[in-house]
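In this note's numbering, the protein residues as written are 207 to 302. Here a beta-carbon is modelled for each residue, glycine too, at the ideal position from N, C-alpha and C.
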(Lines of atoms letter the chains of each structure in order from A and count residues from 1; the text may use other names and numbers.)
(Lines give C-alpha, C1' and ligand atoms only; values in the text may rest on other atoms or scores of the structure.)
Protein backbone atom coordinates (compact mmCIF):
# COMPACT_ATOMS: atom_id res chain seq x y z
CA UNK A 1 0.00 0.00 0.00
CA UNK A 2 1.28 3.48 -0.85
CA UNK A 3 0.38 6.52 1.24
CA UNK A 4 1.51 10.12 0.86
CA UNK A 5 1.33 12.33 3.95
CA UNK A 6 -0.23 15.76 3.58
CA UNK A 7 1.26 19.17 4.43
CA UNK A 8 3.79 19.04 7.31
CA UNK A 9 3.22 15.38 8.23
CA UNK A 10 5.63 12.49 7.86
CA UNK A 11 5.45 8.71 8.10
CA UNK A 12 7.99 7.09 10.41
CA UNK A 13 8.91 3.48 11.08
CA UNK A 14 10.30 2.91 14.58
CA UNK A 15 13.78 1.42 14.82
CA UNK A 16 14.19 -2.06 16.30
CA UNK A 17 13.94 -2.23 20.07
CA UNK A 18 17.01 -3.07 22.12
CA UNK A 19 16.74 -6.51 23.71
CA UNK A 20 20.03 -6.36 25.60
CA UNK A 21 21.77 -3.65 27.62
CA UNK A 22 25.35 -2.57 26.94
CA UNK A 23 26.37 -4.62 29.99
CA UNK A 24 24.89 -7.78 28.45
CA UNK A 25 21.66 -8.05 30.48
CA UNK A 26 18.51 -9.06 28.62
CA UNK A 27 15.53 -6.72 28.91
CA UNK A 28 12.20 -8.51 29.53
CA UNK A 29 9.21 -7.58 27.35
CA UNK A 30 7.40 -6.04 30.33
CA UNK A 31 10.21 -3.54 30.91
CA UNK A 32 10.64 -2.43 27.29
CA UNK A 33 9.47 0.96 26.14
CA UNK A 34 8.73 1.85 22.55
CA UNK A 35 11.77 3.48 20.97
CA UNK A 36 11.68 7.24 20.40
CA UNK A 37 13.82 6.89 17.32
CA UNK A 38 12.62 6.12 13.82
CA UNK A 39 13.39 6.20 10.12
CA UNK A 40 11.37 8.55 7.92
CA UNK A 41 9.55 6.64 5.17
CA UNK A 42 7.67 9.51 3.48
CA UNK A 43 7.20 13.27 3.92
CA UNK A 44 4.54 15.75 2.88
CA UNK A 45 5.10 18.87 0.77
CA UNK A 46 5.40 21.24 3.74
CA UNK A 47 3.37 23.57 5.90
CA UNK A 48 1.00 26.02 4.22
CA UNK A 49 1.59 29.47 5.73
CA UNK A 50 -1.05 32.17 6.28
CA UNK A 51 -0.01 33.99 3.10
CA UNK A 52 -0.58 30.80 1.06
CA UNK A 53 3.07 29.96 0.51
CA UNK A 54 4.38 26.48 1.31
CA UNK A 55 7.36 26.18 3.66
CA UNK A 56 9.42 23.17 2.61
CA UNK A 57 10.15 20.40 5.11
CA UNK A 58 13.54 20.29 6.85
CA UNK A 59 13.25 16.49 7.08
CA UNK A 60 13.51 14.16 4.11
CA UNK A 61 12.75 10.49 3.51
CA UNK A 62 15.54 8.26 4.81
CA UNK A 63 16.46 10.50 7.78
CA UNK A 64 16.71 8.97 11.25
CA UNK A 65 14.89 11.14 13.78
CA UNK A 66 14.06 11.45 17.47
CA UNK A 67 10.47 12.28 18.34
CA UNK A 68 8.29 12.97 21.39
CA UNK A 69 7.13 10.02 23.49
CA UNK A 70 3.39 10.50 22.90
CA UNK A 71 3.63 12.05 19.44
CA UNK A 72 1.77 10.93 16.36
CA UNK A 73 -0.87 8.43 15.38
CA UNK A 74 -0.05 4.75 15.06
CA UNK A 75 -1.08 3.06 11.80
CA UNK A 76 -0.41 -0.27 10.09
CA UNK A 77 0.95 -0.36 6.54
CA UNK A 78 1.42 -3.76 4.93
CA UNK A 79 1.23 -5.37 8.39
CA UNK A 80 3.98 -3.19 9.90
CA UNK A 81 3.57 -0.51 12.60
CA UNK A 82 4.24 3.09 11.51
CA UNK A 83 3.58 6.56 12.94
CA UNK A 84 2.19 9.66 11.28
CA UNK A 85 3.79 12.72 12.90
CA UNK A 86 3.80 16.45 12.36
CA UNK A 87 7.15 18.08 11.71
CA UNK A 88 6.82 19.98 15.00
CA UNK A 89 6.79 16.67 16.95
CA UNK A 90 10.31 15.87 15.72
CA UNK A 91 12.96 16.72 18.30
CA UNK A 92 15.98 16.27 16.05
CA UNK A 93 17.64 14.51 13.15
CA UNK A 94 20.35 11.97 13.98
CA UNK A 95 23.39 12.51 11.77
CA UNK A 96 25.89 9.68 11.43
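Distance between beta carbons of residue j and residue i, contact taken as under 8 angstroms
i	j	result
residue 242	residue 272	6 angstroms
Rounded separation between residue i and residue j - CA only
i	j	result
residue 284	residue 209	11 angstroms
residue 260	residue 212	12 angstroms
residue 219	residue 275	14 angstroms
Contacts around residue i, its chain only, beta-carbon distance under 7 angstroms, and the 5 residues preceding and following it disregarded
i	result
residue 265	216, 246, 249, 271, 293, 296 and 299
residue 214	250, 252, 253, 263, 292 and 293
DSSP three-state assignment for residue i, whether helix, strand or coil
i	result
residue 301	coil
residue 243	strand
residue 294	helix
Residues near residue i by beta carbon distance below 6 angstroms, same chain, minus five either side
i	result
residue 288	217, 219 and 281
residue 262	252
Own chain residues within Cβ distance below 8 angstroms of residue i, not counting five before or after
i	result
residue 244	218, 219, 220, 221, 270, 271, 273 and 289
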